[in-house]
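Asks: Next up is a structure, given as structure tokens.
Number of protein chains: 2
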Amino acid sequence: MSTSQPQPLHQRLTDELRTRITSGLWSEGFRIPSEAELCREFEASRGTVRQALSTLRTEGLIVGGQGKQPVAGRAALSQPFTTFMSFTEWAGSIGKTPGQQTREIARRPASPEVAAQLGIKAGEPVVEVLRLRLLENAPAMVERTSFVLHVGRLLFDFDTDSGSIFSFLKSHGVDLSRGRHTIDAVAAEGHDVELLGVEPGAPLLRERRLTSSAAGEPIEYSDDRYIPGLTNFTIENTSEHRANLVRVPTA
Amino acid sequence: MSTSQPQPLHQRLTDELRTRITSGLWSEGFRIPSEAELCREFEASRGTVRQALSTLRTEGLIVGGQGKQPVAGRAALSQPFTTFMSFTEWAGSIGKTPGQQTREIARRPASPEVAAQLGIKAGEPVVEVLRLRLLENAPAMVERTSFVLHVGRLLFDFDTDSGSIFSFLKSHGVDLSRGRHTIDAVAAEGHDVELLGVEPGAPLLRERRLTSSAAGEPIEYSDDRYIPGLTNFTIENTSEHRANLVRVPTA
DNA sequence: TCCGTTAACTTGTACATACAAGTGCCGTTT
DNA sequence: AAACGGCACTTGTATGTACAAGTTAACGGA
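Order-wise, the sequence lines are chains A and B. Counting from 678, one number per residue, gives the positions in the first sequence under our numbering. Counting from 678, one number per residue, gives the positions in the second sequence under our numbering.
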């Protein structure tokens, strides 16, 4: 149930039509009602209806038009932002038990790479966390995260073996709204070998992630290395719309 | 120069304002003119101005509002769809010379995996291409692509050592509008070792890609394996907008 | 000098009207 | 039977109006 405050009509229209499409009620290719028909159905003006339709068109949920009624598009790949950003929440979404073993949480001077990413001076203190993440009790990922100090200091009052740092920080009012992820493959080395129990040189899927506030202020920079075969990143792009991004388990 | 047909005013407004933001004329945080001021400047009605602003807001190029003027947002990460989809075009965009050595192009029955992805029956014929892709004459990636037969047959009249299959197909009217990419890490094996000159078991970055028409008809399914350190996939997501996706070289 | 209130400015929501441009169907003519 | 033209329906573009809701600045009073 959303807030008790009534939503604007154009928003309610958008939500109702989106539900009809994503639920399959209007399957792909179904010709949706005309603007005039929608005006009558929702007792709305044409401008309000068109505003809702414009949103759906932007999301790729309706396609076509000009002289003929648009049709329902393919429901786009999607995943809640927080499910993508939090390993704990992602694991729960696929019905698996996440876990964490913290090897280290320390305040130390930022390396040049970390400093560059967080927009601070090299040598300025950051809070660094090294954790092994598990999935159904099996090693899944090594997480090396650096937090800007004013956020990271909150973690000294948090049991990092108890669950999601992402959720803890959000519940303490930290604005984690933007992510930039760089994905590549690396050879296992150092703590990877020790924590994940793999051979040196074994392939790992690496996600380097900068998380920022809505205003663009860097909050954390992380280097996460996954055992292959456990998680994939799937992206859907089209020539007209921005991409959709989801994290998926390997079948 | 776009088409000689004049663009709608709301589109010209959108383009002009987008340019002011992405060019840095209005840097991040800059308070943009009020709607009334924009109406005067462009001799447009408030509805038309608001339509343009709505588009920019959807792209994250302006943020804030309600009672105060919005501010310019961070210019979003972006890359032309075709630059992302075509290795040849991508290489050109970073000033590097792409190359290709075709090891095989054959018509053969689809494997169950390929058939499932292309939406055909296992055993139906597809056209398979195995190519080594080079960057500045160095091995960069092994490309294993399967095409639905009616598209793949075009390739028998194309010198696959001459350049971009993606561009060739588009120039022959093949609609390649949608991509779904799954990224993970794998260990080098078989042709990988032979073609890329790496040790068996070495880490490779794998991109499995299904390319479809705008209508969703599968066209090609590819398994591309990259030497690490040559290309990354960078994705930007926010809690409010769909993700942006770019392919970037490793520094 | 500070605080509260009011007014002016802003964006957000919703409606109405008019015409341009595209599509499809039906009727008529060849 | 096919083709063409016209009409009705559709969406796209653009304008205007009115009021709600949010923000900020200025002024007056304590």
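Cβ coordinates follow ideal geometry from the N, Cα and C atoms, glycine included. As the structure is a prediction and not an experimental result, all values here were calculated from the model.
Select from A:G741, A:A862 and A:R697 the residue whose C-alpha is nearest the C-alpha of B:T911.
Replies: Residue mapping note: residue 911 of chain B aligns to position 234 of the second sequence, counting from 1. Comparing Cα-Cα distances from B:T911 to each of A:G741, A:A862 and A:R697, the minimum goes to A:A862.
Asks: Please determine if the segment 740-747 of chain A and the segment 797-815 of chain A are in contact, where contact requires at least 3 C-beta pairs separated by less than 8 Å.
Replies: no
Asks: Does any CB atom of chain B fall closer than 8 Å to the CB of A:E805?
Replies: The residue given as residue 805 of chain A occupies position 128 in the first sequence. With 8 Å as the cut-off, A:E805 does not count as an interface residue toward chain B.
Asks: Closest by CA to A:S854, which one among A:S763, A:F833, A:N914 and A:E813?
Replies: Here residue 854 of chain A refers to the residue found at position 177 of the first sequence. Checked all of A:S763, A:F833, A:N914 and A:E813; the closest Cα to A:S854 is A:S763.
Asks: Identify which residue in A:R780, A:F761, A:S731 and A:A864 has its Cα closest to the Cα of A:I771.
Replies: Taking the first residue of the first sequence as position 1, residue 771 of chain A is located at position 94. Closest by C-alpha distance to A:I771, out of A:R780, A:F761, A:S731 and A:A864, is A:F761.
Asks: Is it true that the CB of B:R723 sits closer than 8 Å to the CB of B:E736?
Replies: As a position in the second sequence, residue 736 of chain B is number 59, starting the count at 1. As a position in the second sequence, residue 723 of chain B is number 46, starting the count at 1. No; because the gap between Cβ atoms is not below 8 Å, this pair is not in contact.
Asks: Looking at B:E705: is its Cβ nearer than 8 Å to the Cβ of B:R751?
Replies: Start at 1 with the first residue of the second sequence, and residue 705 of chain B comes out as number 28. Start at 1 with the first residue of the second sequence, and residue 751 of chain B comes out as number 74. Yes, they are a contact pair.
Asks: Look at A:L846 and A:S823 and say whether their C-beta atoms are less than 8 Å apart.
Replies: Here residue 846 of chain A refers to the residue found at position 169 when the first sequence is read from its first residue. Here residue 823 of chain A refers to the residue found at position 146 when the first sequence is read from its first residue. No, the Cβ-Cβ distance between A:L846 and A:S823 is not below 8 Å.
Asks: Could one say the Cβ of B:R858 lies closer than 8 Å to chain A's Cβ atoms, at least one of them?
Replies: Residue mapping note: residue 858 of chain B aligns to position 181 of the second sequence, counting from 1. Correcting the residue type first, residue 858 of chain B is His in the shown sequence and not Arg. Interface residue, yes.
Asks: Return the Cβ separation of A:L812 and A:L907 in integer angstroms, given the expectation that the two are a contact with Cβ distance under 8 Å.
Replies: The sequence position of residue 812 of chain A within the first sequence is 135, counting from 1. The sequence position of residue 907 of chain A within the first sequence is 230, counting from 1. Going by Cβ atoms, the distance from A:L812 to A:L907 rounds to 6 Å, so yes, they are a contact pair.
Asks: Could you have a look at A:L811 and say whether DSSP puts it in helix, strand or coil?
Replies: Working through the first sequence from its first residue, we reach residue 811 of chain A at position 134. Reduced to three states, the DSSP call for A:L811 is strand.
Asks: Mapping the DSSP letters down to three states, classify A:G724 as helix, strand or coil.
Replies: Numbered from its first residue, the first sequence carries residue 724 of chain A at position 47. It is helical.
Asks: To the nearest angstrom, how far is it from the Cα of A:E801 to the Cα of B:E693?
Replies: Along the first sequence, read from residue 1 onward, the residue named residue 801 of chain A stands at position 124. Along the second sequence, read from residue 1 onward, the residue named residue 693 of chain B stands at position 16. Straight-line Cα distance between these residues: approximately 41 Å.
Asks: Using a 10 Å radius around the Cβ and a threshold of 16 neighbouring Cβ atoms, would you call B:T765 buried or exposed?
Replies: Taking the second sequence and counting its residues from 1, one reaches residue 765 of chain B at position 88. With 16 or more other Cβ atoms within 10 Å, it is buried.
Asks: Suppose the cutoff is 7 Å on Cβ atoms and the five residues either side in sequence are ignored; what does the same chain contact list for B:E957 look like?
Replies: Here chain B covers residues 678 to 928 and nothing more, so residue 957 of chain B does not appear.
Asks: If you check the beta carbons only, do A:V803 and A:V819 fall under 8 Å apart?
Replies: For the purposes of this step, residue 803 of chain A is identified with residue 126 of the first sequence, where counting begins at 1. For the purposes of this step, residue 819 of chain A is identified with residue 142 of the first sequence, where counting begins at 1. No, these two residues do not count as a Cβ contact at 8 Å.
Asks: How long is the line joining the alpha carbons of A:R695 and A:L686, rounded to whole angstroms?
Replies: Here residue 695 of chain A corresponds to residue number 18 of the first sequence, with the count starting at 1. Here residue 686 of chain A corresponds to residue number 9 of the first sequence, with the count starting at 1. Going from the Cα of A:R695 to the Cα of A:L686 covers about 14 Å.
Asks: Could you tell me whether any Cβ in chain A is nearer than 8 Å to the Cβ of B:G893?
Replies: Along the second sequence, read from residue 1 onward, the residue named residue 893 of chain B stands at position 216. Chain A contact via Cβ: present.
Asks: Note down, in chain order, every chain B residue with its Cβ under 8 Å from the Cβ of A:A920.
Replies: The count along the first sequence starts at 1 and reaches residue 920 of chain A at position 243. Neighbours of A:A920 on chain B, chain order: I912, R919, A920, N921 and L922.
Asks: Ordered along the chain, which non-local residues of its own chain (more than five positions away) have a Cβ less than 6 Å from that of B:S841?
Replies: In the second sequence, the residue the question calls residue 841 of chain B occupies position 164. Exclusion of the five residues before and after B:S841 leaves S763 and T765 as the residues of its chain whose Cβ lies within less than 6 Å of its Cβ.
Asks: Would B:S916 pass as an interface residue toward chain A - the criterion being a Cβ-Cβ separation below 8 Å?
Replies: Here residue 916 of chain B refers to the residue found at position 239 when the second sequence is read from its first residue. Yes - at least one Cβ of chain A is within 8 Å of the one on B:S916.
Asks: Note down, in chain order, each residue of its chain lying with its Cβ closer than 6 Å to the Cβ of B:T725, except the 5 sequence neighbours on either side.
Replies: For the purposes of this step, residue 725 of chain B is identified with residue 48 of the second sequence, where counting begins at 1. If we look at B:T725 and ignore the five residues flanking it on each side, its Cβ neighbours are L686 and H687.
Asks: Which value, in whole angstroms, describes the spacing of the CA atoms of B:I860 and B:L882?
Replies: The residue you call residue 860 of chain B lines up with position 183 of the second sequence. The residue you call residue 882 of chain B lines up with position 205 of the second sequence. B:I860 and B:L882 have their C-alpha atoms some 7 Å from each other.
Asks: Against A:F758, what residues of chain B qualify as contacts under a CB-to-CB distance less than 9 Å, listed in chain order?
Replies: Looking up residue 758 of chain A in the first sequence gives position 81. Ordered by position in chain B, the residues that pass the 9 Å Cβ test against A:F758 are N914, T915, S916 and E917.
Asks: Roughly how many whole angstroms lie between the Cα atoms of B:L826 and A:A920?
Replies: Here residue 826 of chain B is taken as the residue at index 149 of the second sequence, counted from 1. Here residue 920 of chain A is taken as the residue at index 243 of the first sequence, counted from 1. Near 28 Å, if we compare the C-alpha coordinates of A:A920 and B:L826.
Asks: Where A:A817 and B:D834 are concerned, what is the direct C-alpha to C-alpha distance, given to the nearest angstrom?
Replies: Within the first sequence, residue 817 of chain A is the residue found at index 140, counting from 1. Within the second sequence, residue 834 of chain B is the residue found at index 157, counting from 1. Their backbone Cα atoms lie some 47 Å apart in a straight line.
Asks: Starting from the C-beta of A:V875, find all residues in its chain whose C-beta is less than 8 Å away, skip the five residues before and the five after it, and write them out in chain order.
Replies: Taking the first residue of the first sequence as position 1, residue 875 of chain A is located at position 198. Cβ neighbours of A:V875 beyond the five flanking positions: A865, D869, L881 and I904.
Asks: In its own chain, which residues sit with a C-beta less than 7 Å from the C-beta of A:R697, not counting the 5 before and 5 after it?
Replies: Counting from 1 along the first sequence, the entry for residue 697 of chain A is found at position 20. Correct list, in chain order: W703.
Asks: So which residues of chain B does A:L882 contact, with C-beta pairs closer than 7 Å?
Replies: For the purposes of this step, residue 882 of chain A is taken as residue 205 along the first sequence, with counting starting at 1. What A:L882 touches in chain B: D861 and A862.
Asks: Output yes if chain A places a C-beta closer than 8 Å to the C-beta of B:E897; else output no.
Replies: Indexing the second sequence from 1 puts residue 897 of chain B at position 220. Taking Cβ atoms only, chain A never reaches closer than 8 Å to B:E897, which makes this a no.
Asks: Is the shortest distance between the beta-carbon of A:N814 and the beta-carbons of chain B less than 8 Å?
Replies: Sequence index remark: in the first sequence, residue 814 of chain A carries index 137 (1-based). It does not: the Cβ of A:N814 has no partner Cβ on chain B nearer than 8 Å.
Asks: Out of B:A799, B:L887 and B:G850, which has the shortest C-alpha to C-alpha gap to B:R821?
Replies: Position 144 of the second sequence holds residue 821 of chain B. The shortest Cα separation from B:R821 among B:A799, B:L887 and B:G850 belongs to B:L887.
Asks: Does B:R717 pass the burial test, meaning 16 or more other C-beta atoms within 10 Å, or should it be called exposed?
Replies: Here residue 717 of chain B corresponds to residue number 40 of the second sequence, with the count starting at 1. Exposed: under 16 other Cβ atoms inside 10 Å.
Asks: What span of residues does the alpha helix (DSSP H) with B:H687 cover, start to end?
Replies: The residue labelled residue 687 of chain B in the question sits at position 10 within the second sequence. Segment L686 to T699, the alpha helix (DSSP H) holding B:H687.
Asks: For the segment 770-810 of chain B, which segments carrying the beta strand (DSSP E) assignment without a break, of at least 3 residues, lie completely within its bounds, in sequence order?
Replies: 775-786
Asks: With a threshold of 16 other CB atoms inside 10 Å of the CB of A:N914, please say whether the residue is buried or exposed.
Replies: The count along the first sequence starts at 1 and reaches residue 914 of chain A at position 237. Per the 10 Å Cβ criterion, buried.
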